Structures are given as structure tokens and as C-alpha cells.
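In our numbering, the protein residues as written are 16 to 133.
Input: a single structure, listed below in C-alpha cells.
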Amino acid sequence: MVELEDIRIGNYFAHQQKVITISAEHYQRISILAAELEPLRLIPQKFFSLGFGTIRAQDFNGFTKSCNNVEVFLRAAPQQRWTLQVGNTLRVRSIEHVHELQNVWYWLFGESLKRARD
16 MVELEDIRIG
26 NYFAHQQKVI
36 TISAEHYQRI
46 SILAAELEPL
56 RLIPQKFFSL
66 GFGTIRAQDF
76 NGFTKSCNNV
86 EVFLRAAPQQ
96 RWTLQVGNTL
106 RVRSIEHVHE
116 LQNVWYWLFG
126 ESLKRARD
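See the structure below:
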């Protein structure tokens with residue numbers, strides 16, 4: 016189950032054992048759909064598909080991607096979570112799911128974070 020406020024057009028979730036992208040058509044039954052959605056855990060393969068690269072070659076504990084000359088860093092944290100840092104800021108956020116990363120990206124840059132093939 017996913018909270019309604021976490022669902023945004025363009026977000027990826029698991030639904031009936033498939034990955035779906037939330038679209039405008041989903042909003043017609045979003046309250047029912049929210050109970051059926053499962054969040055996707057962030058793993059290195061998902062970072063690569065979203066356009067992130069490793070901070071150091073062959074090191075899958077840290078990833079980075081930039082937008083508008085701002086670097087976003089993700090580092091492995093305890094309990095299958097990731098620490099997100101934007102630029103040189105001291106403020107960080109802990110995340111564990113793809114939609115959380117997508118929502119932060121949207122809040123920061125006003126654009127959707129999508130897979131390369133989308």
C-alpha cells in the first residue's frame with residue numbers, strides 16, 4: 016500500500032507483479048489503486064536505469080546525477096536505505112523507494128525522473 020500523497024504522475028510502482036507508471040488515467044480510481052500499489056525498493060540497477068552513475072568506478076555504494084548544474088548524491092545507509100544529498104548542502108534525507116527519489120527530484124528540479132527508455 017502507498018499513501019495517496021506519495022503518488023504523482025510519472026511515478027513507478029509495482030502493481031500486480033508488474034512495474035507501472037502512474038498516468039492521468041490512474042487518477043480516476045487512485046484511492047482504490049493506492050491500496051494495490053507496492054513501492055519499489057531502490058537498488059543499484061534502478062539507479063542506472065534512472066540515469067545515475069556511480070561516484071567511483073565499480074563502487075555500488077554511491078551514485079550521482081546532475082540537473083541544472085546541481086549534483087544529487089545517494090550513498091548506501093543502514094537498513095536498505097539511501098542517504099540523499101543535494102550539492103554541497105549539509106541537509107540530507109533518507110529514502111528507500113523509487114517514488115521517494117522521483118518526488119524529491121520533481122520538488123528540486125520541476126521535472127520527472129524517468130527511466131532512459133521512457
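Even glycine gets a Cβ: it sits at the ideal position worked out from N, Cα and C.
All values derive from a computational prediction rather than experimental measurement.
- Under the three-state reduction of DSSP, Leu123 is assigned to helix.
- DSSP, reduced to helix, strand and coil, places Ile45 within a helical segment of the structure shown.
- For Arg108, same chain residues with a beta-carbon under 6 Å away, outside a window of 5 residues either side, are Leu99 in chain order.
- For the pair Gln60 and Asn76, the Cα-to-Cα distance works out to about 12 Å.
- Taking all protein chains shown into account, Asn118 has 16 or more neighbouring C-beta atoms within 10 Å of its C-beta and is therefore buried.
- For Ser81, the enclosing beta strand (DSSP E) stretches over residues Gly77 to Cys82.
- Counted as a single uninterrupted DSSP element, the alpha helix (DSSP H) harbouring Phe63 occupies residues Pro59 to Ser64.
- Put simply, the backbone Cα of Thr79 is about 20 Å away from that of Asn26.
- Nearest to Glu40 by alpha-carbon distance, out of Arg23, Arg56, Gln31 and Val113, is Arg23.
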